[in-house]
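Asks: Here it is: the structure, laid out below.
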Amino acid sequence: APKGTELIEAIKKLKAEKNAVILAHYYVDGEIQELADFVGDSLGLSQAAEKTTADLIVFCGVHFMGETAKILNPSKKVVVPDFNAGCSLADSVPVEEFAALKAKHPNAVVVSYINCSAEIKAMTDIICTSSNAVQVVESIPKEQEIIFAPDANLGRYVAHKTGRELILWEGACMVHIDISLDKLKQLRVEFPDAMLIAHPECKEMILREADYVGSTTALLNYVEKSDRQTFIVATEAGILHKMKMAVPNKHLIPAPANEQNSCACSECPYMKMNTLEKLYNALYYELPEIHLSEEIRIPAYKALKAMLEISK
Ligand code: 13P
Ligand code: SF4
17 APKGTELIEA IKKLKAEKNA VILAHYYVDG EIQELADFVG DSLGLSQAAE
67 KTTADLIVFC GVHFMGETAK ILNPSKKVVV PDFNAGCSLA DSVPVEEFAA
117 LKAKHPNAVV VSYINCSAEI KAMTDIICTS SNAVQVVESI PKEQEIIFAP
167 DANLGRYVAH KTGRELILWE GACMVHIDIS LDKLKQLRVE FPDAMLIAHP
217 ECKEMILREA DYVGSTTALL NYVEKSDRQT FIVATEAGIL HKMKMAVPNK
267 HLIPAPANEQ NSCACSECPY MKMNTLEKLY NALYYELPEI HLSEEIRIPA
317 YKALKAMLEI SK
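In this text, residue positions in the sequence shown follow full-length UniProt numbering: the first is 17, and each later residue adds one.
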């Protein structure tokens with residue numbers, strides 16, 4: 017593969033030649049976001065994947081996102097830069113154990129966060145993302161039992177917001193639960209005028225401290241609209257790329273992880289597996305490709321579609 021600026025030019029050329037679209041989540045490296053046709057949160061990316069007319073979708077994110085694109089737009093070839101870019105939430109739900117939970121609550125409506133495998137989506141009634149989880153739960157009749165999987169922190173947040181009791185799956189995002197509350201509190205002291213804004217995958221203690229809670233897109237919109245100057249951003253640091261562009265004169269402080277790391281921030285190791293070289297190879301070889309059986313895809317599509325109907 018070519019290197020440096022040549023690599024970027026080669027990616028652009030291949031993309032045009034192959035009528036490909038590059039979709040990227042806010043958490044991938046800035047240089048990949050710059051090459052993408054669309055950068056967004058999980059909901060925005062699903063909507064973009066569903067409506068694209070490109071022949072080839074290159075999904076720079078994690079595996080479940082590539083699967084979601086394939087579920088929604090099966091006639092397109094969907095490739096990902098690294099097949100091993102997974103997600104701790106998706107990994108927390110084995111199919112058999114999920115089937116056992118469902119069997120224990122046969123009358124429950126199953127709501128699954130989009131961060132799960134296609135197999136789990138196929139066992140779900142309605143998907144949600146962090147942008148519409150409250151809305152999705154509120155769409156279900158009050159007396160109805162609800163299983164909410166796999167993010168228990170998001171689940172507790174939604175339960176609190178809606179006043180509903182949810183049967184939770186105890187999964188978590190390894191990145192958001194590793195944000196340090198102590199370090200956030202120190203930052204609060206250091207920057208008393210800063211607003212603390214947090215993603216709902218964070219632990220309850222952090223969400224209780226936060227001035228605003230929302231999905232990545234919601235956090236981005238919030239810093240743009242707010243008349244405040246300083247923000248402590250409690251989510252994956254990749255979001256700061258677009259935030260800095262949107263509000264170049266504001267002071268954005270990434271939330272630190274418990275373990276001291278080189279960026280003094282919180283990074284998803286899976287999202288960071290996406291590199292320009294791997295993106296080039298995925299475009300060039302049209303590999304690795306996402307394949308799904310119709311047996312899984314069709315029920316998973318129904319669950320995703322039920323969400324997209326609510327979030328139009
Ligand atoms: P959103 O993109 O919905 O904000 O979710 C964040 C996330 O962790 C994606 O993996
Ligand atoms: Fe999964 Fe968390 Fe990484 Fe998102 S940030 S892909 S939820 S591990």
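Just so it is clear, CB atoms sit at the ideal spot from N, CA and C, and this is done for glycine as well.
Between the beta-carbon of residue 101 and the beta-carbon of residue 79, is there less than 8 Å?
Replies: A Cβ-Cβ contact shorter than 8 Å links residue 101 with residue 79.
Asks: In this structure, does DSSP put residue 164 in helix, strand or coil?
Replies: strand
Asks: Regarding residue 229 and ligand 1, is the C-beta to nearest heavy atom distance less than 7 Å?
Replies: Not under cutoff, so the answer is no.
Asks: Give me the Cβ distance between residue 42 and residue 266, rounded to the nearest whole Å; I'm assuming they're in contact under 8 Å.
Replies: Not really, about 17 Å apart at Cβ, beyond 8 Å.
Asks: Using only CA atoms, which one of 248, 275, 179 and 274 lies nearest to residue 153?
Replies: That would be 179, whose Cα lies nearest to the Cα of residue 153.
Asks: Judging by CA-CA distance, which residue of 302, 98, 315 and 146 is the nearest neighbour of residue 165?
Replies: 146
Asks: For residue 207, which three-state DSSP category applies?
Replies: coil
Asks: Any idea if residue 20 is buried or exposed, counting beta-carbon neighbours within 10 angstroms, 16 or more meaning buried?
Replies: exposed
Asks: Would you call the stretch 231-240 and the stretch 310-327 in contact, with 3 or more CB pairs under 8 Å?
Replies: no
Asks: Which of the three DSSP states is assigned to residue 84 in this structure?
Replies: Helix.
Asks: My understanding is that residue 271 touches residue 200, with C-beta atoms under 8 Å, so please give their C-beta distance in whole angstroms.
Replies: 6 Å
Asks: At the level of alpha carbons, what is the spacing between residue 128 and residue 71?
Replies: 29 Å
Asks: Do you know offhand how far residue 296's Cα is from residue 143's?
Replies: Using only the alpha carbons, I get a separation of about 31 Å.
Asks: Can you tell me whether residue 284 is buried or exposed, with buried defined as 16 or more other CB within 10 angstroms of its CB?
Replies: buried
Asks: Let me know the secondary structure DSSP gives residue 114 once reduced to three states.
Replies: helix
Asks: For residue 308, tell me which candidate among 83, 57 and 74 has the shortest Cα-Cα distance.
Replies: Taking the Cα of residue 308 as reference, the smallest distance to any Cα among 83, 57 and 74 is reached at 83.
Asks: Grab the span of the alpha helix (DSSP H) containing residue 60 for me, first residue to last.
Replies: Its alpha helix (DSSP H) spans residues 58-67.
Asks: Taking just the CA atoms, how far does residue 197 sit from residue 207?
Replies: 15 Å
Asks: Looking at the C-beta of residue 145, does it have a partner C-beta in chain C at a distance below 8 Å?
Replies: Here there is only one protein chain, and chain C is not present.
Asks: Within this structure, are the beta carbons of residue 44 and residue 76 separated by less than 8 Å?
Replies: yes
Asks: Between which two residues does the alpha helix (DSSP H) containing residue 104 stretch?
Replies: 104-107
Asks: For residue 213 and residue 238, which I take to be in contact (beta-carbon distance under 8 Å), what is that distance rounded to the nearest angstrom?
Replies: Confirmed, about 6 Å.
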